[in-house]
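These notes are about the structure you will find just below.
Residue numbers (the numbering used here), protein chains in the order written: chain A, 495 to 671; chain B, 695 to 867.
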């Protein structure tokens, strides 16, 4: 199981281009849809916590998933898996730095990959959205978050905190009645 | 030994004090490695960014590995990478245990229920942000639409989609 987890996160680490959120569709496919190690809600919780903690979101998410699946050892296995592909690649490039810089083919490959990242993230959102079956209130929150992040210079952490706090206040009031 | 410790502490600090991941970490990395330690020039820093864009993995890890190597060879890169990952590991461990301890509490349940739609919005905004810098011509928009269709409705694996997209890039550009 540990080896399997390591390999899965190694795959995730190896195909995450463009940082942070680009790995969400891949994690979703591999761990939520295919292996069913965690469900959609747990996955969103992991992302929320990863976002609110210091450090790279990809690493934070793998630590959380690792713990969830197999405790401390699981966390180590998943983190190693996520970090190693980038460590190995960069080390190779750092050693052979100059050969890498001018390469037309690599440029072309990335011209194709970058728009694919947009498609993958959008597709992950669509799938999570379909499964969550939110009402108008939650749709408004998601859309509001999207607009605030796109048009205003506000750190996502504040929105995560506001979402959690707002929900506690509303539910508290509801319980009192 | 001194330089290795310095690398570790610097990247531990970067890991511990940068929130939001990805590009949100850049200002702190820049300040530490260029202004405070003078390990690289700003041109070299831009090179590292370009390389990070084209290689897999989180940008913080990529810069830690690269700088560690530049300052102190293979050991340096291992130490810097470990340093940048460590705070994540420690903080997420604490959070995980905390969440599990209070799993039954209605507050934890409420907090997460409130956060989930926000997270969905955040992920959607990531797609918009990447699209803004990526949709440079009609070809890139078409690549995105076609892949969105196949991944969403035809169950195309995302990893396969990335490989395919790389091939499309070579064909179209």
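Idealized CB from N, CA, C, for every residue including glycine.
query = Closer than 9 Å, Cβ to any Cβ of chain A: which residues of the region 825–837 of chain B, in chain order?
reply = 825, 826, 827, 828, 829, 830, 833, 834, 835, 836, 837
ask   = Who are residue 548 of chain A's beta bridge partners in DSSP?
value = Indexing the first chain from 1 puts residue 548 of chain A at position 54. BP columns for residue 548 of chain A point to B/713.
message = Residues in the same chain with beta-carbon distance under 7 Å from residue 574 of chain A, minus the five sequence neighbours each way, listed in chain order, please.
response = Here residue 574 of chain A refers to the residue found at position 80 when the first chain is read from its first residue. Correct list, in chain order: 500.
Classification of residue 495 of chain A by the beta-carbon crowding that lies within 10 angstroms, buried from 16 upward = Translated into the one-based positions of the first chain, residue 495 of chain A becomes position 1. Residue 495 of chain A comes out exposed.
key: Residue range of the unbroken alpha helix (DSSP H) whose run includes residue 804 of chain B   = In the second chain, residue 804 of chain B corresponds to position 110, counting from 1. From DSSP, the alpha helix (DSSP H) with residue 804 of chain B extends over 800–828.
query = Can residue 766 of chain B and residue 723 of chain B be called in contact, C-beta distance under 8 Å?
reply = Residue numbering aside, residue 766 of chain B sits at position 72 when the second chain is read from its first letter. Residue numbering aside, residue 723 of chain B sits at position 29 when the second chain is read from its first letter. Taking 8 Å as the Cβ cut-off, residue 766 of chain B and residue 723 of chain B do not qualify as a contacting pair.
task = For the alpha helix (DSSP H) holding residue 791 of chain B, just list the boundary residues, first then last.
result = For the purposes of this step, residue 791 of chain B is taken as the residue at position 97 of the second chain. Residue 791 of chain B -> alpha helix (DSSP H) spans 753–795.
task = Confirm the yes/no value for this check: CB of residue 816 of chain B, any heavy atom of the ligand GDP, distance under 7 Å.
result = In the structure on display, the ligand GDP does not appear, and there are no ligands present to speak of.
request  = Enumerate in chain order the residues of its own chain whose CB-to-CB distance from residue 524 of chain A is below 8 Å, with the five nearest sequence positions on each side excluded.
outcome  = Here residue 524 of chain A refers to the residue found at position 30 of the first chain. The answer, listed in chain order, is 502, 505, 506.
request  = Classify residue 736 of chain B as buried or exposed, calling it buried when 16 or more other Cβ atoms lie within 10 Å of its own Cβ.
outcome  = The residue you call residue 736 of chain B lines up with position 42 of the second chain. Exposed is the call here.
query = Tell me which same chain residues have a C-beta within less than 6 Å of the C-beta of residue 521 of chain A, skipping the five on either side of it?
reply = As a working note, residue 521 of chain A is residue 27 in the first chain. Counting only Cβ-Cβ distances below 6 Å, and skipping sequence neighbours, we find 506.
ask   = Near residue 546 of chain A, what residues of its chain come up, given a Cβ to Cβ distance below 6 Å and the 5 sequence neighbours on each side ignored?
value = Sequence index remark: in the first chain, residue 546 of chain A carries index 52 (1-based). Counting only Cβ-Cβ distances below 6 Å, and skipping sequence neighbours, we find 651, 654.
Element boundaries [alpha helix (DSSP H), containing residue 510 of chain A] = Start at 1 with the first residue of the first chain, and residue 510 of chain A comes out as number 16. Looking at the DSSP string, residue 510 of chain A is not in any alpha helix (DSSP H), and its letter there is neither H nor E.
query = Nearest to residue 864 of chain B by alpha carbon, out of A/535, A/604, A/542, A/585?
reply = The sequence position of residue 864 of chain B within the second chain is 170, counting from 1. Ranking A/535, A/604, A/542, A/585 by Cα distance to residue 864 of chain B puts A/604 first.
task = Output, in sequence order along the chain, the residues in the region 594–614 of chain A whose CB is closer than 7 Å to any CB in chain B.
result = 599, 600, 602, 603, 604, 605, 606, 607, 608, 609, 610, 611, 612, 613, 614
query = How about residue 896 of chain B and residue 658 of chain A: are their beta carbons less than 8 Å apart?
reply = This structure gives no information on residue 896 of chain B, because the portion of chain B shown stretches from 695 to 867.
inquiry  = For residue 788 of chain B and residue 859 of chain B, I'd like the C-alpha separation in whole angstroms.
reply    = For the purposes of this step, residue 788 of chain B is taken as residue 94 along the second chain, with counting starting at 1. For the purposes of this step, residue 859 of chain B is taken as residue 165 along the second chain, with counting starting at 1. For residue 788 of chain B and residue 859 of chain B, the distance between alpha carbons rounds to 39 Å.
ask   = Is the beta carbon of residue 561 of chain A less than 8 Å from the beta carbon of residue 552 of chain A?
value = Mapped onto the first chain, residue 561 of chain A falls at position 67. Mapped onto the first chain, residue 552 of chain A falls at position 58. Going by C-beta atoms, residue 561 of chain A is not nearer than 8 Å to residue 552 of chain A.
request  = Compile a chain-ordered list of the residues in the region 643–655 of chain A whose CB is closer than 8 Å to at least one CB of chain B.
outcome  = 643, 644, 649, 650, 651, 653, 654
Distance, residue 609 of chain A Cα to residue 529 of chain A Cα = Mapped onto the first chain, residue 529 of chain A falls at position 35. Mapped onto the first chain, residue 609 of chain A falls at position 115. Going by the C-alpha atoms only, they are around 27 Å apart.
query = How would you list, in chain order, the residues of chain A whose beta-carbon sits under 8 Å from the beta-carbon of residue 774 of chain B?
reply = Position 80 of the second chain, counted from the first residue, corresponds to residue 774 of chain B. By Cβ distance, chain A contributes nothing, its closest Cβ being about 10 Å from residue 774 of chain B, past 8 Å.
message = Give me, in chain order, the residues of the same chain whose beta-carbon lies closer than 7 Å to that of residue 633 of chain A; leave out the 5 immediate sequence neighbours on both sides.
response = Here residue 633 of chain A refers to the residue found at position 139 when the first chain is read from its first residue. Here the set comprises nothing.
ask   = Mapping DSSP to helix, strand and coil, what is residue 495 of chain A?
value = Start at 1 with the first residue of the first chain, and residue 495 of chain A comes out as number 1. If DSSP states are grouped into helix, strand and coil, residue 495 of chain A belongs with coil.
ask   = How would you label residue 768 of chain B, buried or exposed, when you count the other beta carbons within 10 angstroms and need 16 or more for buried?
value = By one-based count along the second chain, residue 768 of chain B stands at place 74. Exposed.
request  = Measure from the C-beta of residue 781 of chain B to each C-beta in chain A and report whether the shortest distance is under 8 Å.
outcome  = Locating residue 781 of chain B in the second chain gives position 87, where the first residue counts as 1. Residue 781 of chain B counts as touching chain A.
message = Here's the rule I'm using: 16 or more other beta-carbon atoms within 10 Å means buried, otherwise exposed. How should residue 668 of chain A be labelled?
response = The residue you call residue 668 of chain A lines up with position 174 of the first chain. It counts as exposed.
Residue of A/557, A/538, A/587 minimising C-alpha distance to residue 803 of chain B = Numbered from 1 along the second chain, position 109 holds the residue referred to as residue 803 of chain B. Answer by Cα proximity: A/538.
key: Short Cβ contact (8 Å threshold) for residue 819 of chain B with residue 644 of chain A   = Numbered from its first residue, the second chain carries residue 819 of chain B at position 125. Numbered from its first residue, the first chain carries residue 644 of chain A at position 150. In this structure, residue 644 of chain A lies closer than 8 Å to residue 819 of chain B by Cβ.
ask   = In chain order, what residues of the same chain lie with their CB nearer than 6 Å to the CB of residue 777 of chain B, ignoring the 5 residues before and after it?
value = In the second chain, the residue the question calls residue 777 of chain B occupies position 83. For residue 777 of chain B, where only same-chain residues beyond five positions count, the Cβ hits under 6 Å are 702, 705, 706.
Contact the region 740–753 of chain B vs the region 577–587 of chain A: 3+ CB pairs below 8 Å = yes
key: Cβ-based neighbour list, residue 544 of chain A, same chain, cut-off 6 Å, excluding 5 preceding and 5 following   = Counting from one through the first chain, the residue named residue 544 of chain A turns up at place 50. Answer for residue 544 of chain A: 551, 554, 555, listed in chain order.
key: Within chain A, the residues that residue 804 of chain B reaches when beta carbons sit closer than 7 Å   = Looking up residue 804 of chain B in the second chain gives position 110. Those within 7 Å of residue 804 of chain B in chain A are 661, 662, 665.
request  = Kindly indicate which residue of A/549, A/533, A/542 has the alpha-carbon position closest to the one of residue 708 of chain B.
outcome  = Position 14 of the second chain, counting from 1, holds the residue named residue 708 of chain B. The shortest Cα separation from residue 708 of chain B among A/549, A/533, A/542 belongs to A/549.
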